[in-house]
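Novice: Take this structure, written in structure tokens, and hold onto it; I'll ask about it next.
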Amino acid sequence: METKVKRSYFSLIFSPFASQLGSAIYLLGLNWLIVRMTGNTKLLGIIEGIGGIGFLLGDLLVGRLVDQYNRKVVLVGTDLMSASMCLAGGIIVDNQKPQIWLLLTITFVLNLMLAINFPAAKAIAPEIIDNAGLQRFNAVANMFFNFASVLAPLIGGVLLAIKSIEFNEFLMINAMSFVIAILLNLLISYQPTKRLADQEPQSILKSNLIGFAYVKKHPKLIMNLFSMAIFNFCFAGYLLAAPYISSHFFGGRSENYSLFLTVYAIGGLIGGIWLTLEKRTVSIKVIYYEELFYGTVLIICGTFLSFYTWILIALICGIVQARFFGSITTLIQNETDLEFLGRFFGLTYLCFDGIQPLGNFLFGFFISSWQHWTYVVIGIFLIVPFGIMLYFERQTDLKKVD
10 METKVKRSYF SLIFSPFASQ LGSAIYLLGL NWLIVRMTGN TKLLGIIEGI GGIGFLLGDL
70 LVGRLVDQYN RKVVLVGTDL MSASMCLAGG IIVDNQKPQI WLLLTITFVL NLMLAINFPA
130 AKAIAPEIID NAGLQRFNAV ANMFFNFASV LAPLIGGVLL AIKSIEFNEF LMINAMSFVI
190 AILLNLLISY QPTKRLADQE PQSILKSNLI GFAYVKKHPK LIMNLFSMAI FNFCFAGYLL
250 AAPYISSHFF GGRSENYSLF LTVYAIGGLI GGIWLTLEKR TVSIKVIYYE ELFYGTVLII
310 CGTFLSFYTW ILIALICGIV QARFFGSITT LIQNETDLEF LGRFFGLTYL CFDGIQPLGN
370 FLFGFFISSW QHWTYVVIGI FLIVPFGIML YFERQTDLKK VD
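Below is the structure:
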């Protein structure tokens, strides 16, 4: 039994690592391809904005799938669909003039599958790993997830430096990563708990309505929803700004963009290790303080932008992002009943992903005008809402003391 648990633990950590490595390489290639072709981020914002609708659709479906069907089957099935899409795209894409409809379709399908796969992985974890080990597991999982982002720019930078590299090869690499993820997920030893197995089938609408009713009774979960939505709105701008700033401020060299992504990923490793070694229980107030700190860094570094402050932005973002996702995932798993985990993660990512198209469209169209001041705008968007939530959280604590 212990061997099966260790094997499942291993798979739940390295399956997301494998798919993230390929996806990060694909996105690096896509971002650089679009900016190189058009000179701005407008088309990239449109592609990622429309592709973000796939996240929304997945978020509506995931609660019913993850809470009423075998979560291991859901993991394998979504990775299989992603691998097939990348393989098909790699075969039919025109490397000289990539079809916009194809880029939209690939991005949409990958986002749809990810929106189902990621909550399934998070929902299955508490059924395999005991509560005492969840925080450490989430930290380790996020650390390796970010390690994939360290390798991706290094591999992507080498690929971009090869003049003969074609976009379809980025797609093929991504397809292979999902195949590896499938093999790892097949190693998971899993049987649905009795409460999950005994649930009566529900329609998508009824399943989501029950999930909404559950969340309304838990104010802490509502604050988690808001936190993830705000973070992803700002993160959309961060991702779109990076290739533009690299292209227009720092010589337009792919090496600079790769270095930025590498430093960001290294920050993710630092944040993951930090959270892994942390012995105290995660707190929502700590998350708020860290987001306020990051917003301040963005405002200062964006105002006085140089190559070094740009790299500092990447490092701090990596640290904060790793700690944010590791901490808030543990909070959700600890505060949500097992039979509602799929639905709550679905609702969480509905808020998380629902704001992404807005962020992509807004920042995609205005980065060219705002330029380096984009980081200042993102910093303000972080400081104001997280500052308000921290204020109310502290007021709640004061009332408890009184």
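Counting with our numbering, you get residues 10 to 411 for the letters of the sequence shown.
Glycine included, every Cβ here is placed at the ideal spot set by N, Cα and C.
With a threshold of 7 Å on Cβ separation, who are the neighbours of residue 60 within its own chain once the five nearest residues in sequence on each side are excluded?
Specialist: These residues qualify, in order along the chain: 113, 116, 117 and 120.
Novice: From residue 247 to residue 324, what does the alpha carbon distance come to, in whole angstroms?
Specialist: If you take the alpha carbons of residue 247 and residue 324, they lie about 13 Å apart.
Novice: Who are the near neighbours of residue 81 in its chain, counting only those whose CB is closer than 6 Å to its CB and skipping five residues on each side?
Specialist: Correct list, in chain order: 197 and 199.
Novice: Among 365, 355, 273 and 320, whose alpha-carbon lies nearest the alpha-carbon of residue 330?
Specialist: Minimum Cα distance to residue 330 is reached at 273.
Novice: Sort 317, 314, 19 and 316 by Cα distance to residue 153 and report the nearest one.
Specialist: Of the candidates 317, 314, 19 and 316, the one whose C-alpha sits nearest the C-alpha of residue 153 is 19.
Novice: In this structure, how does DSSP classify residue 196 when only helix, strand and coil are distinguished?
Specialist: In the structure shown, residue 196 sits in coil (DSSP, three-state: anything other than H, G, I, E or B).
Novice: Just the C-alpha distance for residue 55 and residue 139, rounded to the nearest angstrom, thanks.
Specialist: Residue 55 and residue 139: Cα-Cα distance of roughly 42 Å.
Novice: Give the secondary structure of residue 227 by DSSP, where H, G and I count as helix, E and B as strand, and everything else as coil.
Specialist: Residue 227: coil per DSSP, three-state reduction.
Novice: Please report the distance separating the alpha-carbon of residue 335 from that of residue 144.
Specialist: Roughly 7 Å separates the two Cα atoms.
Novice: When we look at the beta-carbon of residue 289 and count the other beta-carbons within 10 Å, is it buried (16 or more) or exposed?
Specialist: With fewer than 16 Cβ atoms within 10 Å of its Cβ, residue 289 is classed as exposed.
Novice: Is residue 259 helix, strand or coil by DSSP?
Specialist: In the structure shown, residue 259 sits in coil (DSSP, three-state: anything other than H, G, I, E or B).
Novice: When the Cα atoms are used, what is the spatial distance from residue 357 to residue 338?
Specialist: About 10 Å.
Novice: From residue 359 to residue 64, what distance separates their C-alpha atoms?
Specialist: If you take the alpha carbons of residue 359 and residue 64, they lie about 7 Å apart.
Novice: Measuring CB atoms only, is the segment 372-391 touching the segment 69-83, in the sense that at least three cross pairs come out at less than 8 Å?
Specialist: Result no; under three Cβ-Cβ pairs closer than 8 Å.
Novice: Using a 10 Å radius around the Cβ and a threshold of 16 neighbouring Cβ atoms, would you call residue 383 buried or exposed?
Specialist: It is buried - the Cβ of residue 383 has at least 16 other Cβ atoms within 10 Å.
Novice: Considering only residues of the same chain and omitting the five flanking positions on each side of residue 57, which have a CB-CB separation below 6 Å?
Specialist: So the list reads 369, once near-sequence residues are dropped.
Novice: Within the continuous alpha helix (DSSP H) that includes residue 128, where are the two ends?
Specialist: Residues 109-137.
Novice: Just confirm the distance between the C-beta atoms of residue 381 and residue 311, as a whole number of angstroms; I'd bet it's less than 8 Å.
Specialist: That pair is a contact at about 6 Å.
Novice: Buried or exposed for residue 344, going by 16 or more other Cβ atoms inside 10 Å?
Specialist: Exposed, because fewer than 16 other Cβ atoms sit within 10 Å of the Cβ of residue 344.
Novice: Measuring alpha carbon to alpha carbon, tell me which of 91, 277, 33 and 245 ends up nearest residue 386.
Specialist: Closest option to residue 386, Cα to Cα, is 245.
Novice: Check the C-beta distance from residue 126 over to residue 68 and give it rounded, since I have them as a contact under 8 Å.
Specialist: At roughly 12 Å, the Cβ-Cβ gap does not stay under 8 Å, so residue 126 and residue 68 are not in contact.
Novice: At the level of alpha carbons, what is the spacing between residue 185 and residue 34?
Specialist: Rounded to whole angstroms, residue 185 to residue 34 spans 12 Å at the Cα level.
Novice: Counting along the chain, where does the alpha helix (DSSP H) carrying residue 313 start and finish?
Specialist: Residue 313 -> no alpha helix (DSSP H), and no H or E assigned at all.
Novice: Out of 256, 364 and 400, point me to the one whose CA is closest to residue 301's CA.
Specialist: The shortest Cα separation from residue 301 among 256, 364 and 400 belongs to 400.
Novice: Compare the Cα-Cα distances from residue 38 to each of 320, 180, 134 and 377 and report the closest residue.
Specialist: Comparing Cα positions, the closest option is 180.
Novice: So for residue 317, helix, strand or coil by DSSP?
Specialist: Three-state DSSP puts residue 317 in a helix.
Novice: Between residue 30 and the rest of its own chain, which residues show a CB-CB distance below 7 Å, the 5 nearest in sequence each way excluded?
Specialist: Excluding positions up to five away in sequence, the list reads 157, 160, 161 and 186.
Novice: Would you kindly work out how many angstroms separate the C-alpha atoms of residue 317 and residue 278, rounded to a whole number?
Specialist: Cα to Cα, the separation comes out at about 20 Å.
Novice: Going by alpha carbons, who is nearest to residue 237 out of 341, 194, 283 and 280?
Specialist: Checked all of 341, 194, 283 and 280; the closest Cα to residue 237 is 341.
Novice: Run through DSSP, which three-state label would residue 10 get?
Specialist: Unreliable placement is indicated for residue 10, whose pLDDT of 45 sits below 50; no coordinate value is reported for it.
Novice: Taking buried to mean at least 16 other C-beta atoms within 10 Å of its own C-beta, is residue 413 buried or exposed?
Specialist: Within the shown structure, residues of the chain are numbered from 10 to 411, placing residue 413 beyond reach of any answer.
Novice: Alpha carbons only, please: which of 128, 256, 177 and 183 is nearest the one belonging to residue 377?
Specialist: Measuring from the Cα of residue 377, the nearest candidate turns out to be 256.
Novice: Is the CB-CB distance between residue 98 and residue 111 below 8 Å?
Specialist: Their beta carbons are under 8 Å apart, which means residue 98 touches residue 111 by this criterion.
Novice: What does the Cβ neighbour count give for residue 207, buried or exposed, with the cut at 16 atoms within 10 Å?
Specialist: Caution applies to residue 207, whose pLDDT of 48 falls short of 50 and renders its modelled position unreliable; the model cannot decide the point.
Novice: Taking the continuous alpha helix (DSSP H) assigned at residue 87, which residues delimit it?
Specialist: Start and end: 80-101.
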